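For the protein sequence lines, the chains are A and B, in the order given.
Note that the first sequence ends on residue 626 in this note's numbering; no numbers are left out.
Note that the second sequence ends on residue 236 in this note's numbering; no numbers are left out.
Glycine is no exception: its CB is placed at the ideal position from the N, C-alpha and C atoms.
Quantities reported herein were computed from a predicted structural model and do not represent experimental measurements.
Single-structure report; data block below.
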Amino acid sequence: MTGGWERVEPLLSHVERPARYIDSEFGAVHRDDASYRVALLYPDTYELGMANQAIAILYDRLNAVDDVAAERAFVPAADMAAALRQSGTPLLTLESALPVSSCDLFGITLPYELTCTNVLEALDLAGIPLHAADRADADPLVIGGGPCAFDPEPLAEFFDAFLIGEGEEAVLDIVASHRASKAEGLDRAGTLLALAVVPGVYVPSLYEPATDSSFARPRAGTGVPPIVLKRVLRDLDAVRSPASPIVPFMDVVHDRATVEVLRGCTRGCRFCQAGMVYRPVRERSADSIVRDALGQLRCTGHEELSLTSLSTTDHSQIEEVLRRLGSALRGRAVTIGLPSLRVDAFGVAMARLVGEGARGGLTFAPEAGTQRMRDVVNKNVTEDDLVATVRTAFEGGWRRLKLYFMLGLPTETDDDIRGIGTLVEKVLAVAREATPPAQRGGMRIAVSVSTFVPKAHTPFQWEPQLTLDEVRHRQQVLRESMPRKGVELHWHDAEVSFVEGALARGGRELSPVIEHAWRAGGGFDAWTERFSLRRWLEAFEAAGIDPVALGSSPRVVGAPLPWSHISTGVSEDYLALERERALAGTPTTDCTFDGCTDCGACPELGVDVILAGGSRG
Amino acid sequence: MADATFRLRVTYGKTGRLRFLSHLEVAHSCERAVRRTGLEYAVTQGFNPRMKIAFGPALPVGSAGLAESYDLWLRRLVPAAETLEMLRAATPVGLAPVEARYVGDKEPSLTAAMTLGEYEVSVEDPDMGPGRLAEAVADVVGSGSFAIEHKGALKVYDLAICLPEGAQVSEEPGRGTVRMVIHMGAWGSLRPEALVREALGRMDANAASVAVTRVLLRPEEG
Numbered sequence: 010m011t012g013g014w015e016r017v018e019p020l021l022s023h024v025e026r027p028a029r030y031i032d033s034e035f036g037a038v039h040r041d042d043a044s045y046r047v048a049l050l051y052p053d054t055y056e057l058g059m060a061n062q063a064i065a066i067l068y069d070r071l072n073a074v075d076d077v078a079a080e081r082a083f084v085p086a087a088d089m090a091a092a093l094r095q096s097g098t099p100l101l102t103l104e105s106a107l108p109v110s111s112c113d114l115f116g117i118t119l120p121y122e123l124t125c126t127n128v129l130e131a132l133d134l135a136g137i138p139l140h141a142a143d144r145a146d147a148d149p150l151v152i153g154g155g156p157c158a159f160d161p162e163p164l165a166e167f168f169d170a171f172l173i174g175e176g177e178e179a180v181l182d183i184v185a186s187h188r189a190s191k192a193e194g195l196d197r198a199g200t201l202l203a204l205a206v207v208p209g210v211y212v213p214s215l216y217e218p219a220t221d222s223s224f225a226r227p228r229a230g231t232g233v234p235p236i237v238l239k240r241v242l243r244d245l246d247a248v249r250s251p252a253s254p255i256v257p258f259m260d261v262v263h264d265r266a267t268v269e270v271l272r273g274c275t276r277g278c279r280f281c282q283a284g285m286v287y288r289p290v291r292e293r294s295a296d297s298i299v300r301d302a303l304g305q306l307r308c309t310g311h312e313e314l315s316l317t318s319l320s321t322t323d324h325s326q327i328e329e330v331l332r333r334l335g336s337a338l339r340g341r342a343v344t345i346g347l348p349s350l351r352v353d354a355f356g357v358a359m360a361r362l363v364g365e366g367a368r369g370g371l372t373f374a375p376e377a378g379t380q381r382m383r384d385v386v387n388k389n390v391t392e393d394d395l396v397a398t399v400r401t402a403f404e405g406g407w408r409r410l411k412l413y414f415m416l417g418l419p420t421e422t423d424d425d426i427r428g429i430g431t432l433v434e435k436v437l438a439v440a441r442e443a444t445p446p447a448q449r450g451g452m453r454i455a456v457s458v459s460t461f462v463p464k465a466h467t468p469f470q471w472e473p474q475l476t477l478d479e480v481r482h483r484q485q486v487l488r489e490s491m492p493r494k495g496v497e498l499h500w501h502d503a504e505v506s507f508v509e510g511a512l513a514r515g516g517r518e519l520s521p522v523i524e525h526a527w528r529a530g531g532g533f534d535a536w537t538e539r540f541s542l543r544r545w546l547e548a549f550e551a552a553g554i555d556p557v558a559l560g561s562s563p564r565v566v567g568a569p570l571p572w573s574h575i576s577t578g579v580s581e582d583y584l585a586l587e588r589e590r591a592l593a594g595t596p597t598t599d600c601t602f603d604g605c606t607d608c609g610a611c612p613e614l615g616v617d618v619i620l621a622g623g624s625r626g
Numbered sequence: 015m016a017d018a019t020f021r022l023r024v025t026y027g028k029t030g031r032l033r034f035l036s037h038l039e040v041a042h043s044c045e046r047a048v049r050r051t052g053l054e055y056a057v058t059q060g061f062n063p064r065m066k067i068a069f070g071p072a073l074p075v076g077s078a079g080l081a082e083s084y085d086l087w088l089r090r091l092v093p094a095a096e097t098l099e100m101l102r103a104a105t106p107v108g109l110a111p112v113e114a115r116y117v118g119d120k121e122p123s124l125t126a127a128m129t130l131g132e133y134e135v136s137v138e139d140p141d142m143g144p145g146r147l148a149e150a151v152a153d154v155v156g157s158g159s160f161a162i163e164h165k166g167a168l169k170v171y172d173l174a175i176c177l178p179e180g181a182q183v184s185e186e187p188g189r190g191t192v193r194m195v196i197h198m199g200a201w202g203s204l205r206p207e208a209l210v211r212e213a214l215g216r217m218d219a220n221a222a223s224v225a226v227t228r229v230l231l232r233p234e235e236g
């Protein structure tokens with residue numbers, strides 16, 4: 010079965026960056042004779058999607074299954090989408106250039122709320138009915154997963170099913186279930202019913218819709234679980250990192266070899282969805298990290314290695330790992346990246362181990378400007394920590410520093426915002442002091458401020474979101490409080506955050522809003538230059554929903570939420586307790602350092618914390 | 015002082031789908047292929063060490079090449095035939111190396127040396143009448159100069175310098191091939207496709223498909 014490429018090829022002379030559409034990369038897997046075909050879509054362009062670890066892992070896992078082919082698909086850029094439509098060519102997979110609509114399963118990862126319009130764009134380009142209810146037996150099963158699947162309701166109309174949680178094992182179960190249904194000759198309804206009993210799978214059509222006042226409940230007679238518990242991989246070492254992932258030709262985001270050194274983070278920042286939904290912490294062993302990293306570098310030829318996770322320098326064997334990798338890679342012009350650093354001397358020491366000096370920049374995330382505010386969000390970093398760490402770094406030769414903060418956190422006052430400016434000023438002074446005068450011209454201090462968006466399954470899930478006017482006021486306070494010289498200030502677009510907030514905690518009533526926004530020309534809404542607040546406001550209005558009320562009114566603890574039928578293992582009682590502790594400014598410790606905090610994840614999921622070195626600290 | 019290195023000249027193709035790669039994408043992909051071989055490559059000195067590798071003149075996105083080249087400096091002498099085997103195994107088919115040989119370290123760089131490019135431009139258009147392509151190309155070439163607009167500025171090529179041997183056209187019903195040698199230098203590098211497109215424009219055949227292949231890169235004689 011070929012033919013698709015002949016339709017794509019003539020279009021490529023007329024579009025930008027054709028390397029997005031040509032396949033053939035080293036490591037791409039072609040299984041033309043497979044009888045079961047999965048298309049895996051990242052809902053953005055190739056260069057963003059190729060950085061996605063979930064797609065890389067699932068591609069690797071599925072292609073290892075007998076008679077199964079997993080292929081990639083991305084959302085074509087606007088020029089290519091127009092060329093496809095004009096030539097009557099549907100969205101094709103890269104590897105075999107077969108129509109996505111001819112695949113058995115269409116898996117879509119959902120990394121970020123605002124990629125939702127791209128999901129519809131992909132379905133439409135593929136020629137698959139947008140609404141799950143309109144699909145026929147011959148259409149692929151459309152299944153979503155990833156971070157946004159933890160509140161699946163806004164996209165429920167468009168998906169046949171969602172996988173909640175980690176996919177390494179679950180995708181194999183899903184494919185096995187679907188193949189068994191095909192072998193039995195089940196129709197679509199029967200197939201979905203069978204799929205709904207696979208642990209971690211949520212089939213929205215089998216549940217009465219959730220709205221902003223009630224969550225989805227099983228339809229009578231379906232026998233599906235009332236609460237869908239997320240899937241979790243018990244032991245990260247049970248699944249090797251992809252040995253030879255695809256090596257892109259073109260420059261992509263995060264173009265490097267990647268080994269996930271640990272999953273989960275229990276530092277307990279109360280705004281952080283990832284920290285709550287990927288519990289518990291499971292570390293890969295030093296031996297397997299080193300083995301997988303060196304193997305992947307050998308197989309791919311990458312010149313950069315990233316050791317990823319939510320808190321890499323917390324790994325109990327990180328120092329050993331970095332020393333072993335450093336000596337194995339000496340003289341090969343390979344750089345090692347650490348995505349997140351602890352705000353302490355240890356973090357700087359680890360950066361030194363990978364940097365062989367102070368070439369790159371350092372990034373820290375104090376998140377808030379005052380100790381009070383940091384206690385509210387449970388960011389266990391003091392001003393003294395930060396100042397001392399910056400001094401160590403600049404005395405050690407570093408000249409570039411990036412600091413992350415959040416604006417609009419619960420209980421925030423203008424004084425807290427001014428505290429960001431004061432803290433940055435102190436950091437700047439210390440950095441200058443620690444830098445010889447002749448080198449001060451090379452100092453670069455960047456401050457990046459995002460707007461807090463309350464997310465489902467966090468202790469702040471009940472908190473109101475700031476109105477647009479309020480965010481703008483606070484951004485103004487921030488601007489005025491920042492040192493006038495020596496700092497580059499960046500902040501997140503308030504309008505984008507506003508829509509993100511409305512979508513992040515909605516129910517199924519948002520499906521028409523998303524559809525309207527897409528039909529009105531939406532797509533690539535995660536790209537600031539393509540985002541239009543007006544288009545979204547019109548979409549909300551057309552659906553009769555007030556996005557301000559949706560985001561800005563506080564929710565009552567104990568009342569049902571649109572995602573109450575989805576469980577991450579962390580109990581709602583724990584989230585409510587954490588909220589109370591936040592409002593009281595009481596910190597909570599990290600269970601991987603100081604013992605269990607009773608969040609509920611381990612017993613509920615039947616798994617344990619795994620620390621490769623036995624303990625942290 | 016750096017240790018002794020060995021300069022390996024690798025000739026490779028840029029064919030099939032991979033003709034849609036840009037020069038930077040080709041260079042990056044070849045570097046990664048070298049890393050995959052396990053060959054001990056030399057690394058540049060300085061702040062940001064990189065593999066010591068140098069490429070010949072760039073080919074634009076969409077153009078194929080049959081004999082493109084790069085020079086790679088190795089820290090250990092490995093028989094050239096062996097390096098070719100290793101590189102072939104580690105490179106995507108569309109960029110497959112066809113030859114590897116050692117060259118003297120004093121030889122000029124590929125971009126300085128390889129100033130002549132032999133091109134074949136295939137044109138397909140079912141409506142193309144016999145002899146018309148040859149006539150239109152002769153018309154363009156005969157004018158003596160060729161101007162194109164690039165990023166808002168007009169660039170004029172002197173065809174006596176850029177196209178020292180003129181252009182040869184062979185035709186069959188519905189298709190034709192234009193062969194030409196382009197002389198690259200400080201004045202830039204005339205794109206064969208632009209010249210052929212101009213000829214097609216003059217014969218009202220803008221819809222024709224055009225495929226460019228650089229068949230050979232060579233130094234000037236003498």
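Burial is judged here by how many other beta carbons sit within 10 angstroms of a residue's own beta carbon; B:Arg-50 has at least 16 and is buried.
Listed in chain order, the positions of the region 333 to 344 of chain A with a beta carbon within less than 8 Å of a beta carbon of chain B are Gly-340, Arg-341, Ala-342. Straight across, the Cα-Cα distance linking B:Arg-205 with A:Ile-137 is about 42 Å. In this structure, A:Ala-82 and A:Leu-100 form a Cβ contact; the two beta carbons are roughly 6 Å apart against a cut-off of 8 Å. The beta carbons of A:Leu-238 and A:Pro-227 sit about 14 Å from each other, so the pair does not count as a contact at 8 Å. Taking every protein chain shown into account, the CB of A:Lys-388 has 16 or more other CB atoms within 10 angstroms, so this residue is buried.
Check the Cα spacing between A:His-140 and each of A:Arg-517, A:Ser-561, A:Leu-614, A:Pro-596: the tightest is with A:Arg-517. Within chain A, no residue has its CB atom less than 8 Å from the CB of B:Glu-149, the nearest being about 25 Å off. In this structure, B:Leu-173 sits away from B:Ile-196, with a CB-CB distance that is not shorter than 8 Å. With respect to chain A, the C-beta atom of B:Pro-106 has a partner C-beta closer than 8 Å. With contacts defined as CB atoms closer than 8 Å, A:Met-415 and A:Ser-459 qualify as a contacting pair. Nearest in C-alpha terms to A:Asp-264, of all of A:His-311, A:Lys-435, A:Asp-244, A:Pro-463, is A:His-311. Nearest C-alpha to B:Val-210 among B:Ala-200, B:Gly-202, B:Thr-191, B:Met-198: B:Thr-191. Interface flag for B:Gly-190 against chain A is unset, since no Cβ pair is found closer than 8 Å.
Taking the beta carbon of B:Glu-235 as reference, no residue of chain A falls within 8 Å; the closest one sits roughly 34 Å away.
Among the CB atoms of chain A, one or more fall inside 8 Å of the CB of B:Pro-63.
Restricting attention to A:Asp-393, A:Arg-339, A:Ala-158, A:Val-17, the CA atom closest to the CA of A:Asp-32 is found in A:Val-17. With a beta-carbon spacing of about 7 Å, A:Gln-380 and A:Thr-391 fall inside the 8 Å limit used to define contacts. Annotation for A:Leu-242: Glu-175, Glu-177 place their beta carbon closer than 6 Å to its own, counting only its chain and skipping 5 residues before and after.
Residues of the region 244 to 270 of chain A with a C-beta atom less than 7 Å from some C-beta of chain B are Val-256, Phe-258, Met-259, listed in chain order. The beta carbon of B:Ala-222 sits closer than 8 Å to the beta carbons of Val-137, Glu-138, Asp-139, Met-142, Leu-214 from its chain, once the five residues preceding and following it are set aside; these are given in chain order. For A:Glu-472, the three-state secondary structure derived from DSSP is coil. At a cut-off of 8 Å between C-beta atoms, B:Leu-32 counts as an interface residue with respect to chain A. The straight-line gap separating the alpha-carbon atoms of B:Leu-130 and B:Leu-231 is approximately 6 Å. The beta carbon of A:Asp-148 is closer than 6 Å to those of Ile-137 in its chain, skipping five residues each way along the sequence. In the structure shown, A:Ser-576 adopts extended strand secondary structure according to DSSP, grouped into three states. The beta carbon of B:Ser-43 sits closer than 8 Å to some beta carbon of chain A. Here the alpha carbon of B:Val-75 sits roughly 9 Å from the alpha carbon of A:Ser-22. Against A:Ser-22, the close residues of chain B are Gly-76, in the order they occur along the chain (beta-carbon pairs closer than 7 Å).
Contacts between B:Glu-134 and chain A, judged by CB atoms closer than 7 Å, are missing: the closest CB pair is about 17 Å apart. In the three-state reduction of the DSSP assignment, A:Tyr-216 falls in the strand class.
Each of B:Glu-149, B:Gly-30, B:Lys-66 was checked against the Cα of B:His-42, and the nearest Cα belongs to B:Lys-66.
Here A:His-499 carries a strand assignment [DSSP, helix/strand/coil]. At the C-beta level, A:Leu-620 and A:Glu-376 stay beyond 8 Å of one another. By the rule that beta-carbons nearer than 8 Å mark a contact, A:His-311 touches chain B.
Contact of B:Arg-46 with chain A is assigned, a C-beta pair being separated by under 8 Å.
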